[in-house]
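Undergrad: Mind having a look at this structure? Questions to follow.
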Amino acid sequence: MTVLAPNVVPLATVLSDTVAAAHAAGRDDLVGRLEKVAARVRDPRHRIVVTGQLGQGKSRFVNALLGLDVCRVGDDATTVLPLQLSYGERERAYLVLTAPGTDESRVEIPFDEIGDVDTRTPLAQGRHVVRIEAELPSQLLADGIVLIDTPGVGGHGSACAAGVLSLAAAADAVLVLSDASTELTEPELTFVRQIREMCPAVAVLLTKTDLYPHWRQVLDADRNHVARAETDVTLIPVSALLRAHALRLQDAQLGLESGFGVLFTFLRDRVVARDQAVTRQAVARELHSAAEHLALALGSELVALRDPAGGAAAVSELQSARAAAEELQRRTASWQQTLTDGITDLVGDVDHDLRDRLRGIARTGQEWIDENDPGRHWGAITEWLTGSVDTALGENLLMTHRRAELLAERIASHFAEVGAVDLPEVHAGMDDESALAGSGSLADLEPDIGFTSKVLVGMRGSYGGVLMIGLATTFAGLAMLNPISLGAGLIVGGKAYRDDKSARLARRRIEANGEVRRFLDDVAFQAAKDTKDRLHRIHRALRDHFAGVAERSLRSIDASLRAAQDAAAVAATHRVERTVVLERQLHAVAELRRYAESMQVELRRADGTVSG
């Protein structure tokens, strides 16, 4: 294996050679890790999530971005399922379905029916619809972009913000759309802040600038809001309509005015370039680690072959090193207890945090309902409740993410004696697209009675008063209907109407409180299941990562010990031949290590940590 400068030899070639060397050495553990980064180099896809509140023009934006009419648009059209768009030589679409106890399955559907499919489609045959996956020939997608169009966030029956945050945790970039009619609202700013904590590249797109002449003032106001919130996001004004016209007319000026050029620059500099740097860092780290592990076994065998007399001493040293490694492994085995205790504490804390947030929402909602007429403001209550629950679930997910990272750091401290240990990528929301379907729905209240019914209630109450007083006044020689009886009827009728109104208001309040409690119970039930699944995935990710760290050093020493012992038994006639082979392999491994170190230096220099 001839290794040159990092800019000369392709990463894929170096990785392929290193995988072959690890195979030859029987190190399947190194092969697995190297093949993962090799797959990342071969298929550098960039997942970009498009999200925002209802009615912000996400579907029209996706169509304009691709230059194709893929998503259905219109005043009565809205995205109800996540839509993942990737490159394909021809247009194809699939439903991704799940059922309890089974893996995901895919059912092909007609491409032109993407906009008509919802969660109740008969094609699902009773299974849960996770998302729609579509393939289409688009130059943007051919460059490795994967777009995920999500349902609107924040409306009645819309997607849950926590589901979008779950996608954002594993995304390379998130585009949050907000139209230019108004400034960013407080819920939108909270949502943007939460996404920024989960994803390093976030842009807020000010859409529909062609419809609102005052969009520049809105953009300035949004910049001030973002600055006050201390959230590092990029603001980009765009117009999907101008972009579509520019593509149709091949008008460069219209394309410039659409703002999509700035967006493409953002994707190139903040997404593609950053992802390439992260990939190269992972490759350099794995190459350096593999070179050290391979060199240990090769060097031990070579020493034993060159100096048979000193071979016994080398074996003795390796045996001592193995004993020390076993002792270290026994001492570092406490990381498993730290992991178990940490996950147990995390489960309890996350569940308590969510329940406390939902209880606070329930108390606030009940107090407001008991002081107001929910029938008059049910729409506002629904909007507030949905937004508050979204915020609560999002903050709970962020807490899970932060605590998982702290737990990973605490476990890594157990390995301080073996040097710096890489932390795993712990995403609190891995593959949680199913959460986008929402956790419950808030039913409408029974409408109040109409004007005619109110009049009839009053008349029914006044009838008793007129009859009672009218009969009494007949003894005084007055007619049944007289001013006294009519006045009494009005008084009694008015009281009956007020009593009925109070009773109807009390019923509406009871019904409203019941609906709020039911909605929050549904949210808590689904969120508890999602949280347990999420923490189980985190537990497995941490366990597998640190178990690999604990085993690799011991396995390398074992391989070195076996190689040195086998070398002592090699016949003298084969020693020279085997020595030449080992020297060549060891030289290649040394070149590999220098290659990895050069990559790391270049990456640090690019980050400004190493002077040129």
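Numbering of the sequence shown is given in our numbering, commencing with residue 1 and proceeding in unit increments. Ideal Cβ placement from N, Cα and C applies to all residues, glycine included. Quick caveat, the model's predicted, so the values are computed rather than measured.
1) Taking its Cβ as the centre, do 16 or more other Cβ atoms sit within 10 Å of residue 12, making it buried, or is it exposed?
2) Which partner residues of residue 55 appear in the DSSP bridge assignment?
3) Out of 166, 137, 172, 223, which has the shortest C-alpha to C-alpha gap to residue 178?
4) Can you tell me whether residue 137 is buried or exposed, with buried defined as 16 or more other CB within 10 angstroms of its CB?
5) Quick check on residue 237: does DSSP put it in helix, strand or coil?
6) Does the beta-carbon of residue 280 have 16 or more other beta-carbons within 10 angstroms, so that it is buried, or is it exposed?
7) State the DSSP-derived secondary structure class of residue 430, mapped to helix, strand or coil.
8) CB residue 236 to CB residue 262, shorter than 7 Å?
9) Out of curiosity, what's the CA-to-CA distance linking residue 150 and residue 80?
10) Where do the ends of the alpha helix (DSSP H) carrying residue 392 lie?
11) Should residue 122 be labelled buried (16 or more other beta-carbon atoms within 10 Å of its own) or exposed?
12) If you draw a straight line from the C-alpha of residue 164 to the C-alpha of residue 415, how long is it?
13) DSSP puts residue 148 in a beta bridge; with which residues?
14) At 3 residues or longer, and completely inside the stretch 169-221: list those beta strand (DSSP E) runs for me, N to C.
15) Can you tell which of 269, 30, 546, 205 has its C-alpha closest to the C-alpha of residue 413?
16) Assign residue 232 to one of two classes, buried (16 or more other C-beta atoms within 10 Å of its C-beta) or exposed (fewer than that).
17) Can you tell me the Cα-Cα spacing of residue 276 and residue 198, whole angstroms?
18) So, for residue 600: in the same chain, excluding its five sequence neighbours on each side, which residues have a beta-carbon less than 6 Å away from its beta-carbon?
19) Enumerate in chain order the residues of its own chain whose CB-to-CB distance from residue 513 is below 7 Å, with the five nearest sequence positions on each side excluded.
20) Could you name the residues of the same chain whose beta carbon sits closer than 6 Å to that of residue 87, not counting the 5 residues immediately before and after it, in chain order?
21) Between which two residues does the alpha helix (DSSP H) carrying residue 340 extend?
22) Could you tell me which of 504, 252, 525, 291 sits nearest to residue 19, measuring between CA atoms?
23) Would you report the Cα separation of residue 100 and residue 525, rounded to the nearest angstrom?
24) Please say whether residue 189 and residue 214 have beta carbons closer to each other than 7 Å?
25) So, for residue 543: in the same chain, excluding its five sequence neighbours on each side, which residues have a beta-carbon less than 8 Å away from its beta-carbon?
26) For residue 156, which three-state DSSP category applies?
27) Are the stretch 201-212 and the stretch 239-248 touching, with three or more C-beta to C-beta distances below 8 Å?
28) Determine the burial state of residue 529: buried for a count of at least 16 other Cβ atoms within 10 Å of its Cβ, exposed for fewer.
29) Take every Cβ of the stretch 33-53, pair it with every Cβ of the stretch 121-135, and state whether three or more of those distances are shorter than 8 Å.
TA: According to the data block:
1) exposed
2) In DSSP, residue 55 forms no bridge with anything.
3) 223
4) exposed
5) strand
6) Buried: at least 16 other Cβ atoms inside 10 Å.
7) Reliability fails at residue 430, whose pLDDT of 43 lies under 50, so the model's placement of it is uncertain and no value is given.
8) For residue 236 and residue 262, yes; Cβs fall inside 7 Å.
9) 8 Å
10) 378-412
11) exposed
12) 35 Å
13) Note: residue 148 sits in a beta bridge opposite 49, 84.
14) For the stretch 169-221, whole beta strand (DSSP E) runs of length 3 or above, ordered along the chain, are 173-179, 202-207.
15) 546
16) exposed
17) 19 Å
18) 284
19) 366, 369
20) Excluding positions up to five away in sequence, the list reads 141, 142.
21) Unbroken alpha helix (DSSP H) run through residue 340: 334-371.
22) 291
23) 16 Å
24) no
25) 336, 339
26) Note that residue 156 scores 46 on pLDDT, short of 50, meaning its location in the model is unreliable; the coordinates nonetheless yield the value given after this. The answer is coil: DSSP assigns residue 156 none of H, G, I, E or B.
27) yes
28) exposed
29) no
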